[in-house]
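Student: Residues in the sequence shown are numbered consecutively from 1, following UniProt numbering.
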Amino acid sequence: MINGNRMHLSSHSSHITTDSAINLPDYQKIPSIFNRIIKGNEGGGTMQSGVCLRVLLLAAFTVTITAQKPAPEVFTLTVPNGPILTRLNASVTLPCELSPLFNVEPLEVRWYRSENSNSPALLYKDHKIQEAPVDPRYRGRVSLTGGLERGNVSLTLERVTLEDRGEYVCHVSNERWYEKANVYLSMNVTGSAPVLSVASGGGGQVNVTCSSEGWSPQPKLTWRNKEGTEIKNEQVLFTSDSQGLLSVSSWLLYSPSDSDWLSCTISLSEEEKRESRVLPHKPGAWKEAFIVTLVLSLLLLCALSTVVCILLKHRDQIKLEQSKSETKKLFKVTENSQEKQPVKDGINLQDWRQVKGFQEWGMQTAKETTTQKKCVPKALGYVANVP
Numbered sequence: 001m002i003n004g005n006r007m008h009l010s011s012h013s014s015h016i017t018t019d020s021a022i023n024l025p026d027y028q029k030i031p032s033i034f035n036r037i038i039k040g041n042e043g044g045g046t047m048q049s050g051v052c053l054r055v056l057l058l059a060a061f062t063v064t065i066t067a068q069k070p071a072p073e074v075f076t077l078t079v080p081n082g083p084i085l086t087r088l089n090a091s092v093t094l095p096c097e098l099s100p101l102f103n104v105e106p107l108e109v110r111w112y113r114s115e116n117s118n119s120p121a122l123l124y125k126d127h128k129i130q131e132a133p134v135d136p137r138y139r140g141r142v143s144l145t146g147g148l149e150r151g152n153v154s155l156t157l158e159r160v161t162l163e164d165r166g167e168y169v170c171h172v173s174n175e176r177w178y179e180k181a182n183v184y185l186s187m188n189v190t191g192s193a194p195v196l197s198v199a200s201g202g203g204g205q206v207n208v209t210c211s212s213e214g215w216s217p218q219p220k221l222t223w224r225n226k227e228g229t230e231i232k233n234e235q236v237l238f239t240s241d242s243q244g245l246l247s248v249s250s251w252l253l254y255s256p257s258d259s260d261w262l263s264c265t266i267s268l269s270e271e272e273k274r275e276s277r278v279l280p281h282k283p284g285a286w287k288e289a290f291i292v293t294l295v296l297s298l299l300l301l302c303a304l305s306t307v308v309c310i311l312l313k314h315r316d317q318i319k320l321e322q323s324k325s326e327t328k329k330l331f332k333v334t335e336n337s338q339e340k341q342p343v344k345d346g347i348n349l350q351d352w353r354q355v356k357g358f359q360e361w362g363m364q365t366a367k368e369t370t371t372q373k374k375c376v377p378k379a380l381g382y383v384a385n386v387p
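1) Using DSSP with H/G/I as helix, E/B as strand and the rest coil, what is S325?
2) Using the Cα positions of W177 and P106, report the straight-line distance between them to the nearest angstrom.
3) Please list the terminal residues of the continuous beta strand (DSSP E) segment that includes F238.
4) Pick out the complete beta strand (DSSP E) segments inside the UniProt domain "Ig-like" (72-190), 3 residues or longer, and give them in chain order.
5) Could you give the distance in angstroms between the alpha-carbon of Y112 and the alpha-carbon of V134?
6) Apart from the five residues on each side of it in sequence, which residues of its chain come closer than 7 Å, Cβ to Cβ, to K125?
7) Taking three-plus beta-carbon pairs below 8 Å as touching, is the stretch 223-231 in contact with the stretch 262-270?
8) Can you grab the Cα-Cα spacing for the pair L246 / V195, in whole Å?
9) Any idea what DSSP makes of A303, helix, strand or coil?
10) What does DSSP give as the partner residues of R315 in its beta bridges?
11) Could you spell out the range, first to last residue, of the beta strand (DSSP E) harbouring G228?
12) When we look at the beta-carbon of V307 and count the other beta-carbons within 10 Å, is it buried (16 or more) or exposed?
13) According to DSSP, which residues form a beta bridge with Q205?
14) For L252, which three-state DSSP category applies?
15) Which residue wins for smallest C-alpha separation from V142, given the options I310, V292, R110?
16) Classify L245 as helix, strand or coil using the three-state DSSP reduction.
17) By the 10 Å Cβ neighbour count, where 16 or more other Cβ atoms means buried, how is P80 classified, buried or exposed?
18) State the start and end residues of the unbroken beta strand (DSSP E) segment that holds S263.
19) Pairing CB atoms from the stretch 227-234 with CB atoms from the stretch 180-195, are three or more of them under 8 Å?
20) DSSP state of L279, grouped into three classes?
21) Indicate the three-state DSSP secondary structure (helix, strand or coil) for S192 in the structure shown.
22) Expressed to the nearest angstrom, what Euclidean distance is found between the alpha-carbon atoms of S297 and C309?
23) Suppose you measure from the CA of P72 to the CA of E149; what does that come to, to the nearest Å?
24) Classify D241 as buried or exposed, calling it buried when 16 or more other Cβ atoms lie within 10 Å of its own Cβ.
25) Assuming V160 contacts V92 under a Cβ cut-off of 8 Å, what Cβ separation, rounded to an integer in Å, is found between them?
26) Among the residues of its own chain, which have a CB less than 6 Å from the CB of T209, if the five just before and after it don't count?
27) Can you tell me the Cβ-Cβ gap for L98 and G151, rounded? I've got them flagged as a contact below 8 Å.
28) Helix or strand or just coil, what does DSSP make of S257?
29) Report the rounded CA-to-CA distance for L101 versus E175, giving the unit in angstroms.
30) To the nearest angstrom, report how far apart R137 and G201 are at their CA atoms.
31) Considering only the beta carbon of each residue, do L185 and Q243 sit closer than 8 Å?
32) Would you please state the rounded distance, in angstroms, between the beta carbons of L237 and S249? I believe it to be under 8 Å.
33) Starting from the C-beta of V278, find all residues in its chain whose C-beta is less than 6 Å away, skip the five residues before and the five after it, and write them out in chain order.
34) If you draw a straight line from the C-alpha of L330 to the C-alpha of N336, how long is it?
35) Please report the distance separating the alpha-carbon of S305 from that of I318.
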């Protein structure tokens, strides 16, 4: 068995010990060690064939030897040919691998934007990732996840933002050689839903316009009719905003009908797309329909108002008749109650009615007298007083 750097072999017939140290990376020393073991055993006796077999089996199955290839003087970098696609706020890996494969832990690895080599996104040097100098926008969001011991120096970027889009440089170097390669990061950003508008195009046609904004990378715009047939159109315009996002617009001359509709689809892929539809009627037809709808709405509103007024008036009449009926019933009940009590405080019902009638007659006479006084003319410098 192996104990530290010493090898001990045992058998039924002999015990073999050697002081020859085994350096695991120096696997080429194993044959010479076996020769010395055999020669040492020949001095003490005859070596059995089983011992040699045990030595070979131990070397092949028990001892795990890791062969580390020395760093070559010249190497190259392997990166993808096309852009790497990602989404907003996602994680993405920018592949970069050495050829031939070897352990790059002693080397220097630098990832930076093509326009800013002095402030890298990540710097690996002296067997560790350096804190400075690095771009502060990437601090805490980048790491080497490919496996340096396997020759993989891929960069992983977390929480991707719009500013992370663009070209990156993978740079690997040692004291004798360096190599670099470019990797482009692209981000899929789905824009707004298409906005469709219709205007007169002359000659019985209409001009249908489709527009949307906030896309990355450049999307594809497709016109289709209600049967799903694509309508070829090359009138497509792209513009870019301050953040690098694209706006797209297109226009199409179309002969409208009462049942045909048009669809405008803007897409990055089958999963990332936006679609809107419109019935492209002539603008004049829309105006006529609007006027007719407005007139009908006003007539309906007047009719509803009339019906409501009639219902309210009828309700008030019903309430008034109910009030009169209740009042009559109340008077009748009162009279019946008073007839059952002919004497009240020394005055019977007939005398009470006479007194009440006399009072009403006196009040009416007083009003007439006051009116006559106001109407007497002035004569001979004095006002005649009526007795």
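All residues carry an ideal CB built from backbone N, CA and C; glycine is no exception.
None of the values given here were measured: they were computed from a predicted structure.
Tutor: Quick look at the numbers:
1) S325 falls in the helix class under three-state DSSP.
2) Answer to the nearest angstrom: the Cα atoms are 13 Å apart.
3) Counting along the chain, the beta strand (DSSP E) containing F238 begins and ends at 236-240.
4) Fully enclosed beta strand (DSSP E) runs of 3 or longer: 76-78, 84-87, 92-94, 97-99, 108-113, 122-125, 142-144, 155-157, 166-173, 178-188.
5) Rounded to the nearest whole angstrom, the C-alpha separation of Y112 and V134 is 9 Å.
6) The answer, listed in chain order, is E108.
7) Touching, yes, given that three or more Cβ pairs across the two stretches are closer than 8 Å.
8) The alpha-carbon atoms of L246 and V195 are separated by roughly 15 Å.
9) Residue state for A303 is assigned as helix, using DSSP reduced to three classes.
10) Within the DSSP bridge table, the entry for R315 names no partner.
11) Premise fails: G228 is in no beta strand (DSSP E) and is neither H nor E.
12) So V307 counts as exposed.
13) DSSP, once it has assigned bridges, lists G202 as partnering Q205.
14) DSSP places L252 in strand when its eight states are reduced to three.
15) Nearest C-alpha to V142: R110.
16) The three-state secondary structure of L245, taken from DSSP, is coil.
17) Taking all protein chains shown into account, P80 has fewer than 16 neighbouring C-beta atoms within 10 Å of its C-beta and is therefore exposed.
18) Taken as a continuous stretch (DSSP letters only), the beta strand (DSSP E) holding S263 covers 262-267.
19) Output reads no: the stretch 180-195 does not touch the stretch 227-234.
20) Coil at L279, not helix or strand.
21) Coil at S192, not helix or strand.
22) S297 and C309: Cα-Cα distance of roughly 18 Å.
23) Between the alpha carbons of P72 and E149 lies a gap of roughly 14 Å.
24) By the 10 Å Cβ count, D241 comes out exposed.
25) V160 to V92, Cβ: 6 Å. Contact.
26) The answer, listed in chain order, is S197, W251.
27) For a cut-off of 8 Å, the C-beta gap from L98 to G151 is around 4 Å, short enough to register as a contact.
28) Note: S257 maps to coil in three-state DSSP.
29) Rounded to the nearest angstrom, the gap between the Cα atoms of L101 and E175 is 18 Å.
30) Taking the straight line joining both Cα atoms gives about 51 Å.
31) No. Outside cutoff.
32) Going by Cβ atoms, the distance from L237 to S249 rounds to 5 Å, so yes, they are a contact pair.
33) Closer than 6 Å at Cβ, skipping near neighbours: L196, L262.
34) Looking at the backbone, the Cα of L330 and that of N336 are separated by about 10 Å.
35) Taken atom to atom, the span from the alpha-carbon of S305 to that of I318 is near 20 Å.
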